[in-house]
Amino acid sequence: MNMKEKFILVMVVLVMVGCGRKSKDEAKKDMYNSAEYSSSTSDTSDTEVEYSASADDSGTKHDSDTTNDSGSATDSDSTTNSFDVEMETKEDIYYSGSGEEYNSYAENGFAAVSKEPLSTFSADVDTASYSNLRRMINEGYIYDEDAIRVEEMLNYFNYDYEGPTGREPFGVNVEIGKCPWNPNTSLMMVGMQTKDIDFSEGPNSNLVFLLDVSGSMNDPDKLPLMQQAFCMLAENLTRKDRVSIVVYAGEDAVILEGAKGNETNRIIEKITSLEAGGSTAGSAGIQAAYELAERYFIKGGNNRVILATDGDLNVGLTTEYELTELITKKRDSGIYLSVLGFGTGNIKDNNMEALADNGNGNYAYIDSVYEAKKVLVDELGANMVTVAKDVKFQVEFNPEQIKGYRLIGYENRVLAAEDFEDDAKDAGEIGAGHSVTALYELVPVSSNMELDEKVTGSRYTSVDEKYKDELLTIKVRYKEPDKEESKLLTYPITTRAYTNKTSDDWKFASCIAEFAMILKDSPYLEQGSMSNLRKRLNRLEYNDGYKKEFKQLVNIVAEWGYYE
1 MNMKEKFILV MVVLVMVGCG RKSKDEAKKD MYNSAEYSSS TSDTSDTEVE YSASADDSGT
61 KHDSDTTNDS GSATDSDSTT NSFDVEMETK EDIYYSGSGE EYNSYAENGF AAVSKEPLST
121 FSADVDTASY SNLRRMINEG YIYDEDAIRV EEMLNYFNYD YEGPTGREPF GVNVEIGKCP
181 WNPNTSLMMV GMQTKDIDFS EGPNSNLVFL LDVSGSMNDP DKLPLMQQAF CMLAENLTRK
241 DRVSIVVYAG EDAVILEGAK GNETNRIIEK ITSLEAGGST AGSAGIQAAY ELAERYFIKG
301 GNNRVILATD GDLNVGLTTE YELTELITKK RDSGIYLSVL GFGTGNIKDN NMEALADNGN
361 GNYAYIDSVY EAKKVLVDEL GANMVTVAKD VKFQVEFNPE QIKGYRLIGY ENRVLAAEDF
421 EDDAKDAGEI GAGHSVTALY ELVPVSSNME LDEKVTGSRY TSVDEKYKDE LLTIKVRYKE
481 PDKEESKLLT YPITTRAYTN KTSDDWKFAS CIAEFAMILK DSPYLEQGSM SNLRKRLNRL
541 EYNDGYKKEF KQLVNIVAEW GYYE
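Here the sequence shown stands for residues 1 to 564, where the numbers follow our numbering.
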C-alpha cells in the first residue's frame with residue numbers, strides 16, 4: 001500500500017469513528033468508491049497486460065509461504081486487517097451499498113428420518129463463493145451474507161479422496177466423526193472423486209471465448225485481469241483444439257473464428273487488443289457464441305462456451321429469469337457453459353450462477369492472477385472436460401440408526417425425492433479430476449435432540465436383518481456426457497464409517513463449514529465459535545497454499561473483533 005492509499009485509509013477510519021458527521025456505512029461507501037483504493041488484484045495493470053502460465057510470472061506458487069499482491073497464501077499466523085479498527089456490530093462488517101446482487105436461500109434445517117427418509121440434491125462443483133468471499137475479506141467487508149455458499153467453499157479445495165476403480169467414473173468416500181460444534185450430532189463427510197486427466201490428452205476441444213468488453217468492465221480487476229486469464233488459457237491449448245472469440249458490449253462481434261489451438265500468438269493478440277466501453281448486450285453475445293460453437297461442433301469432443309463477465313447485463317434479456325430461459329434452450333445442444341466472474345462493486349452473482357447452473361456448466365470467480373492460474377491452468381481438465389452430467393445424489397437413512405439429519409449447504413441444489421429418478425430433470429456436471437464434497441449433521445437414535453417425527457415408508461421401514469448395521473445408503477445417478485439415459489450406483493454405508501480418529505481432510509472440511517455458519521450467524525452453530533475454530537485450525541498441518549490461505553482469512557476475520 002503506497003502513502004496515498006494509506007492516507008485515504010486513515011481518513012476513512014477517522015470518519016468512521018468520528019463525531020457522527022457520516023455514518024459508518026457512508027464512510028464505507030466513500031472508501032469503496034475511491035478511485036485510489038486497491039484490493040487483492042493490485043498485480044494487474046491498466047496499461048500493460050502481463051500473461052504467463054508459470055507460477056513465477058503470476059507472482060504465486062501453490063505452496064507459497066509468502067503473501068503477495070495476488071492474495072496467495074502464506075505460512076504465517078500474523079495477519080493484518082484491511083481496517084485497523086475493531087468491528088463491534090454486524091453493520092460494521094456487512095456493507096449493502098455496493099450494488100452487488102446475490103440470491104437468498106433459507107439454510108437447510110434438521111429433518112426427521114421417520115418423516116423424510118430421503119435427502120436428494122444435485123452435484124455442484126462451482127467454487128465462485130469462496131474466491132469471492134476471499135476478495136471481500138481482503139477488502140475488509142462482506143457485502144452480502146448470501147454470497148456465502150458453504151458447498152462452493154468446500155468444493156474449492158482438494159482432498160485426499162480415493163478415486164474410481166473399475167469402470168465406475170467416481171470413487172465415493174465416507175467418514176463420520178463427532179460434530180465439533182454440536183454435542184448431540186455426528187458429522188458425516190461424503191466425498192466423490194473423478195479420475196484426473198491431462199487436458200492435452202483429453203478429447204478435442206471446440207472453445208468459444210465470450211468476453212464482456214462493456215463499460216462496466218473498465219476496471220483493473222475486470223478487463224485487464226480477464227485478458228491475463230485468457231492468455232494463460234491460450235498458452236495451454238494445442239493443435240487439436242479450436243478457438244473462436246466473441247466480444248460484446250452494445251452489440252456483439254466475432255473477432256476470431258475457428259483458429260487452431262496452437263496459433264497461440266494470434267489468439268493472444270486478439271485478447272490483448274480488447275478495450276472496454278459501451279452498454280452490455282449479454283444475451284446477444286450468448287446467441288452468437290452458441291452459433292459459433294454449433295458451427296465448429298466436434299462430435300464426441302469438448303464443446304464449450306466460456307463466458308467472462310461481471311454479470312451486469314443491461315441490454316436485451318437482462319433478468320435472471322430471461323437469461324435462464326435463454327440458456328435452458330441452449331443446453332440440449334451438447335455445448336457446455338463455463339462462467340468466469342470478474343470485478344468488484346456491481347457483480348451480478350445471481351445472473352452468473354443462473355447461467356452456469358442452467359447451462360450445463362460451472363461458475364468460478366477470478367479475483368487475481370493467482371486464481372486465474374488455478375482455474376485455467378492447474379485445474380484446466382476439471383473445469384473444461386466433463387466426465388459425467390446430470391449427477392444427482394440421494395441419501396436414504398435407516399431410522400433404526402439415525403433419528404435425523406441436516407444437509408449443510410446445497411440449498412439451491414436440493415431436489416424433490418421423485419426428481420432423482422427423472423432423467424428429464426437437469427442436475428450438475430462433473431469434470432475430470434473434480435471432487436464433490438457434502439457434509440451432513442447426523443442425529444443418532446441415542447441423541448436427546450427432539451425432532452418432528454411422522455412415520456413414512458422407506459427402504460428401512462421393515463428392517464431386514466441384513467440391513468441392521470447400515471446407517472444409510474448413498475445413491476448416485478449420472479449420465480455419460482454423450483448419453484441421455486442415466487446410470488445408478490449404490491453405496492450402503494455401515495457403522496464402520498464411524499471413527500474417533502478423523503482425517504485431516506474431515507477436520508479441515510468441518511472448519512470450513514463452521515466458518516461459513518459463523519459468518520452467516522447460523523441458528524445451527526450451537527457451541528461453535530471463532531475461538532474454537534482457530535484452535536482446531538492451528539492443530540492441523542497444511543500441505544498446500546490454498547489451505548494455509550484459508551487459515552489466514554479466518555485470522556483476518558477474527559481480528560475484526562465482532563466474532564468471539
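Virtual Cβ for every residue (Gly too), placed ideally from N, Cα, C.
As the structure is a prediction and not an experimental result, all values here were calculated from the model.
Residue range of the unbroken alpha helix (DSSP H) whose run includes residue i
i: Glu269; result: 264-272
i: Ile366; result: Ile366 -> not in any alpha helix (DSSP H); beta strand (DSSP E) instead, spanning 361-366.
i: Tyr370; result: 369-373
i: Tyr410; result: Tyr410 -> no alpha helix (DSSP H), and no H or E assigned at all.
i: Ala509; result: 504-519
i: Asp349; result: 349-358
i: Lys548; result: 545-559
Sequence-distant residues of its chain with Cβ nearer than 8 Å to residue i (five each side left out)
i: Glu379; result: Gly433
i: Lys487; result: Arg477, Tyr478, Lys479, Glu480
i: Ser104; result: Asp146
Selection from the options that minimises the alpha carbon distance to residue i
i: Glu450; options: Leu439, Glu101, Gly109, Tyr102; result: Gly109
i: Leu292; options: Ile245, Ile267, Tyr130; result: Ile245
i: Ala356; options: Val554, Leu407, Ile327, Glu480; result: Ile327
i: Asp198; options: Lys178, Leu376, Ser486; result: Leu376
i: Asn538; options: Cys511, Glu145, Ile142; result: Cys511
i: Val113; options: Arg239, Asp521, Tyr563, Arg406; result: Arg406
i: Glu485; options: Leu540, Arg534, Phe420; result: Phe420
i: Gln172; options: Gly140, Gly191, Ala284; result: The question names Gln, but residue 172 is Val in the sequence shown. Nearest C-alpha to Val172: Gly191.
i: Gly431; options: Ala382, Gly258, Thr344, Thr473; result: Ala382
i: Met384; options: Leu323, Gly140, Ile335, Asp310; result: Ile335
i: Leu540; options: Ala509, Gly528, Ile556, Glu564; result: Ala509
Nearest-angstrom Cα separation, counted from residue j out to residue i
i: Tyr248; j: Tyr542; result: 42 Å
i: Asp196; j: Tyr546; result: 19 Å
i: Ile408; j: Val208; result: 35 Å
i: Lys392; j: Ala438; result: 12 Å
i: Asn303; j: Asn265; result: 22 Å
i: Ile176; j: Asp505; result: 12 Å
i: Leu442; j: Lys373; result: 37 Å
i: Tyr102; j: Asp144; result: 7 Å
i: Asp423; j: Lys483; result: 11 Å
i: Arg413; j: Tyr363; result: 14 Å
i: Gln227; j: Phe342; result: 11 Å
i: Gly261; j: Ala234; result: 7 Å
i: Ser205; j: Glu353; result: 24 Å
i: Asn448; j: Trp181; result: 16 Å
i: Met517; j: Met530; result: 10 Å
i: Ser129; j: Ser214; result: 24 Å
i: Arg534; j: Ser435; result: 26 Å
i: Ser446; j: Arg167; result: 39 Å
i: Pro224; j: Ser333; result: 32 Å
i: Gly345; j: Pro220; result: 13 Å
i: Glu526; j: Asn532; result: 12 Å
i: Glu294; j: Ala111; result: 45 Å
i: Gly528; j: Met153; result: 18 Å
i: Glu470; j: Leu337; result: 39 Å
i: Ile556; j: Glu139; result: 11 Å
Cβ neighbours of residue i in the same chain (closer than 6 Å, five flanking residues each side left out)
i: Glu429; result: Asn360, Thr386, Lys389
i: Ser131; result: Tyr365, Asp367, Glu371
i: Asn218; result: Ala276
i: Ile271; result: Gln227, Phe230, Cys231
Boundaries (first-last residue) of the beta strand (DSSP E) holding residue i
i: Ser119; result: 118-122
i: Ile493; result: 487-494
i: Val254; result: 252-260
i: Gly341; result: 336-342
i: Gln394; result: 386-397
i: Ile306; result: 302-309
i: Asn173; result: 170-178
i: Ala567; result: Here the chain comprises residues numbered 1 to 564, so residue 567 is not present and cannot be evaluated.
i: Gln401; result: Premise fails: Gln401 is in no beta strand (DSSP E) and is neither H nor E.
8 Å contact criterion, which residue i and residue j should meet: CB distance rounded
i: Leu340; j: Ile306; result: 7 Å
i: Ile589; j: Lys520; result: This structure leaves residue 589 out entirely; the chain is present only between 1 and 564.
i: Gly301; j: Pro203; result: 5 Å
i: Glu411; j: Glu107; result: 7 Å
i: Val150; j: Ala427; result: Actually they are not in contact, since the Cβ atoms of Val150 and Ala427 sit about 19 Å apart, beyond 8 Å.
Neighbourhood of residue i by C-beta distance below 7 Å, restricted to the same chain and skipping five residues each side
i: Arg239; result: Lys260, Gly261, Asn262
i: Cys179; result: Thr185, Ser186, Leu187, Glu441
i: Ala288; result: Val246, Asp252, Val254
i: Pro523; result: none
i: Ser216; result: Thr280, Asp310, Asp312, Asn346
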